[in-house]
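Taking my numbering, the leading residue of the sequence shown gets 3, the next gets one more, and so forth.
Note that CB positions come from ideal geometry on N, CA and C, so glycine has one too.
All figures in this text were calculated on a predicted structure; none of them were measured in a lab.
Here is the structure we will look at, set down as structure tokens.
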Amino acid sequence: MQLKTILNRVQKFKSFVYRKVRWIEDAKEPTIEVEIQPRKNSRPICSKCGRRRPGYDRLPTRRFEFIPMWGIKVFFRYAPRRVHCPTCGIHREKMPWV
3 MQLKTILNRV QKFKSFVYRK VRWIEDAKEP TIEVEIQPRK NSRPICSKCG RRRPGYDRLP
63 TRRFEFIPMW GIKVFFRYAP RRVHCPTCGI HREKMPWV
């Protein structure tokens, strides 16, 4: 079974999909890096009010540390979208793993 399949069954995020999964041995210890992207036609959620709003643009790709699997560090790579909320202004979208 592939790691992407395990992640989809154990930790599924409603508006996001797992893309590439990479094993990285460059660091002091082996790590797993998972690319995430938003589902097609999904609207980002404002991190302030929690409502779905239109996207504004994207921020640079970041690495987010996730729960270790089998003692191996797992990182998510994702370029957060900014949300144009008429109530709250422009903010980073809500990401469930942060």
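- Comparing alpha-carbon positions, the option among R83, K30 and W25 lying closest to V36 turns out to be W25.
- Contact between F18 and Q39 holds: CB atoms are separated by about 7 Å, below the 8 Å threshold.
- Secondary structure note for R54: it is in no alpha helix (DSSP H), with a DSSP letter that is neither H nor E.
- For the 7 Å CB-CB criterion, K75 and T33 form a contact.
- Listed in chain order, the beta strand (DSSP E) runs fully inside the stretch 12–82 are 18–26, 33–40, 57–60, 64–71 and 74–80, counting runs of at least 3 residues.
- For C87, the beta-bridge partners assigned by DSSP are G91.
- Cβ contact annotation for T63 (same chain, cutoff 8 Å, sequence separation greater than five): R79, Y80 and A81, in chain order.
- Ranking E95, K50 and N43 by CA distance to the CA of R84 puts E95 first.
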